[in-house]
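*Asks:* With the numbering used here applied, the sequence shown corresponds to residues 394 to 777, in that order. Below is the structure I would like to discuss, written out as structure tokens.
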Amino acid sequence: MHLRYRFRVYPTVPQRSALARTFGCVRTVFNDAVAARKAAHREGLAYPSTAVLDKLLITEAKRTPERAWLAEVSTVPLQQALRDCHAAWRNFFDSVSGKRAGGRVGPPRFKRRSHTQAARYTRRGFSVKANGRLYVAKVGDLRVAWSRELSADPSSVTIIKTATGKYYASFVVAVDDGADLLEPVADPDTETGIDLGLKAFAVLRGGKTIENPKFFAQMERRLKKAQRALSRKQRGSANRVGARLKVAKIHERIRNRRDDWLHKQVAALVGENQALYVEDLCVQGLSRGRAAKSIQDAALGRFLTLLESKAARAGRTFAKVDRLFPSTRLCSACGALTGPKGLEGLGVRVWECGCGAVHDRDGNAEINIRREGKRLVAAGLADT
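In structure tokens, the structure reads:
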């Protein structure tokens, strides 16, 4: 199993210049590879292999006046850029042919200077020194803000520059499958269903709720103001660069707050419960509806991904209930389908079944999700 560790790095002014050259060379090689394969497609030729592009776009290009500056940086991230381009094309073709599961993947696009910049190094291009500095080929020793120790020697590192000008080192580390196992919860019946929503982010067993923090909604007014200021700036001006930076910082703050909150909620749920059962939501479909902005602000898909990954690493039971299972309409007392349905039923928070049971909409759904999840696990129909 491979894990990723990300740490903030603080390059000096000369190191920032070296990293800027590296990012520019990586971006150029990637864009040249995309253009070469698009040209081959237009002319009806076979797509050039990575080895051919390596020789053409790196080795031979360094000998030309137009690309001689490629020799100023390490060749390792340039080769990795070609591999990234090849992987992007392969994912696109596999998506078109149906070999790749999930949503449709588009072809690779040209990289832009104003977006996040990255350069990946394999073991030949970096090393972690005894004094805690990160050596990167043709860049130097970078100061790293270590927040925790690496569990093993990293196989690769990606140096990242965000749109706000911050630098990070992202390490890939191979660990044993049981390295993050947690001790079993003392009460084996400690398990919960999780009914996700927008009014309350999640409803757990016993009616316990996790409130929806709505990080984007809190910052939306400030973001609108910054975006309006950006739209009035002349393209190519220094004022536009500063305005774009303000917008990027607001987006970064929203993302950081949301990610921190999601990781804390997932850690708490996995630590307190031996089994977790959730509904398999079609987040992509929900994001096309009337509540698209709220759905994306809640990051339900991100939450489910983190929860599944953390539960597997911790040795907890995890199961997804089919999205077509009528968890809201099903009466948890008698099993009758008498609950609210359709768009007109979205506003109904409390309803009464014909058997006399009065249900809270989300609490009843959590009970049904938990029961169905336990049934799937007992029948061996869930990946746990």
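Beta carbons are placed, not taken as given, at the ideal position from N, Cα and C, and that holds for glycine. Because the structure is a prediction, the values reported are computed rather than measured.
Using three-state DSSP, classify A750 as helix, strand or coil.
*Replies:* Counting from one through the sequence shown, the residue named residue 750 turns up at place 357. Reduced to three states, the DSSP call for A750 is coil.
*Asks:* Three-state secondary structure (DSSP) at L471?
*Replies:* Along the sequence shown, read from residue 1 onward, the residue named residue 471 stands at position 78. Helix at L471.
*Asks:* Can you tell which of L662, K618, M394 and D447 has the C-alpha that lies nearest to the C-alpha of A641?
*Replies:* Working through the sequence shown from its first residue, we reach residue 641 at position 248. Measuring from the Cα of A641, the nearest candidate turns out to be K618.
*Asks:* Take every Cβ of the region 747–756, pair it with every Cβ of the region 699–715, and state whether three or more of those distances are shorter than 8 Å.
*Replies:* no
*Asks:* In chain order, which continuous runs of the alpha helix (DSSP H) of length 4 or greater are located wholly inside the region 638–692?
*Replies:* 676–679 and 685–691
*Asks:* Where does T721 land, buried or exposed, given buried means 16+ other C-beta within 10 angstroms?
*Replies:* Translated into positions along the sequence shown, residue 721 becomes position 328. Burial state of T721 is buried, judged by a 10 Å Cβ sphere holding 16 or more other Cβ atoms.
*Asks:* Beta strand (DSSP E) containing T367: first to last residue?
*Replies:* Outside the modelled stretch of the chain, which goes from 394 to 777, sits residue 367, for which no answer is possible.
*Asks:* Would G735 and L723 qualify as a contact pair, given that the criterion is a beta-carbon distance under 8 Å?
*Replies:* Counted from its first residue, the sequence shown places residue 735 at position 342. Counted from its first residue, the sequence shown places residue 723 at position 330. No Cβ-Cβ contact shorter than 8 Å links G735 with L723.
*Asks:* Could you spell out where the beta strand (DSSP E) holding V427 opens and where it closes?
*Replies:* Walking along the sequence shown from the start, residue 427 turns up at place 34. First-last for V427: V406 to R435, but that is the alpha helix (DSSP H), not the beta strand (DSSP E).
*Asks:* If we ignore side chains and look at the alpha-carbon of each, how far apart do W539 and G491 end up?
*Replies:* Locating residue 539 in the sequence shown gives position 146, where the first residue counts as 1. Locating residue 491 in the sequence shown gives position 98, where the first residue counts as 1. Roughly 42 Å separates the two Cα atoms.
*Asks:* Looking only at its own chain, which residues have a Cβ that is under 6 Å from the Cβ of Y670, when we skip the five neighbours before and after it?
*Replies:* Position 277 of the sequence shown, counting from 1, holds the residue named residue 670. Within the same chain, Y670 has close Cβ partners G586, A712, I762, R763 and G766.
*Asks:* Using the Cα positions of L589 and E672, report the straight-line distance between them to the nearest angstrom.
*Replies:* Looking up residue 589 in the sequence shown gives position 196. Looking up residue 672 in the sequence shown gives position 279. Going from the Cα of L589 to the Cα of E672 covers about 8 Å.
*Asks:* Does the pairing of the region 410–423 with the region 509–521 give three or more beta-carbon distances under 8 Å?
*Replies:* yes
*Asks:* How would you call L717, buried or exposed, if buried means at least 16 neighbouring beta carbons within 10 angstroms?
*Replies:* Locating residue 717 in the sequence shown gives position 324, counting from the first residue. In the assembly as shown, L717 is an exposed residue. Its beta-carbon has fewer than 16 other beta-carbons within 10 Å.
*Asks:* With DSSP as the reference, identify every bridge partner of I587, one or two as the case may be.
*Replies:* Taking the sequence shown and counting its residues from 1, one reaches residue 587 at position 194. Paired residues: V671.
*Asks:* G518 and S467: beta carbons closer than 8 Å?
*Replies:* In the sequence shown, the residue the question calls residue 518 occupies position 125. In the sequence shown, the residue the question calls residue 467 occupies position 74. Yes, the Cβ-Cβ distance between G518 and S467 is below 8 Å.
*Asks:* Got a sec, what are the start and stop residues for the beta strand (DSSP E) S563 sits in?
*Replies:* Position 170 of the sequence shown, counting from 1, holds the residue named residue 563. Run containing S563: Y560 to A567, per the beta strand (DSSP E) assignment.
*Asks:* Take H479 as the anchor and find which of V596, W462 and A444 has the nearest alpha-carbon.
*Replies:* Your numbering for residue 479 matches position 86 in the sequence shown. Comparing Cα positions, the closest option is A444.
*Asks:* Among residues of its own chain, excluding the 5 on either side of T557, which ones have a beta-carbon nearer than 8 Å to its beta-carbon?
*Replies:* Within the sequence shown, residue 557 is the residue found at index 164, counting from 1. So the qualifying residues of the chain are L638, A641, K642 and E645.
*Asks:* Quick check: L575 and G747, are their CB atoms within less than 8 Å of each other?
*Replies:* Within the sequence shown, the letter at position 182 stands for residue 575. Within the sequence shown, the letter at position 354 stands for residue 747. Their beta carbons are not under 8 Å apart, which means L575 does not touch G747 by this criterion.
*Asks:* If we call anything under 8 Å between Cβ atoms a contact, is F485 one with G499?
*Replies:* Taking the first residue of the sequence shown as 1, we reach residue 485 at position 92. Taking the first residue of the sequence shown as 1, we reach residue 499 at position 106. Yes. Within cutoff.
*Asks:* What residues in its chain sit with their C-beta under 8 Å from that of L674, if we drop five residues either side in the sequence?
*Replies:* To locate residue 674, count along the sequence shown from 1; it is residue 281. L589, L693, G694, L697 and R716, listed in sequence order.
*Asks:* Determine the direct distance from the alpha carbon of L412 to that of V532, and round the result to whole angstroms.
*Replies:* Counting from 1 along the sequence shown, the entry for residue 532 is found at position 139. Counting from 1 along the sequence shown, the entry for residue 412 is found at position 19. For V532 and L412, the distance between alpha carbons rounds to 7 Å.
*Asks:* Measuring alpha carbon to alpha carbon, tell me which residue in A433, G437 and Q473 is nearest D447.
*Replies:* For this step, residue 447 is matched to residue 54 along the sequence shown. Ranking the options by Cα distance to D447, first place goes to Q473.
*Asks:* Let me confirm a value: R506 is counted as buried when at least 16 other C-beta atoms fall within 10 Å, else exposed. Which label applies?
*Replies:* Along the sequence shown, read from residue 1 onward, the residue named residue 506 stands at position 113. Exposed is the call here.
*Asks:* Short check: CB of L597 to CB of V402, under 8 Å?
*Replies:* In the sequence shown, the residue the question calls residue 597 occupies position 204. In the sequence shown, the residue the question calls residue 402 occupies position 9. Result no, Cβ atoms of L597 and V402 do not sit closer than 8 Å.
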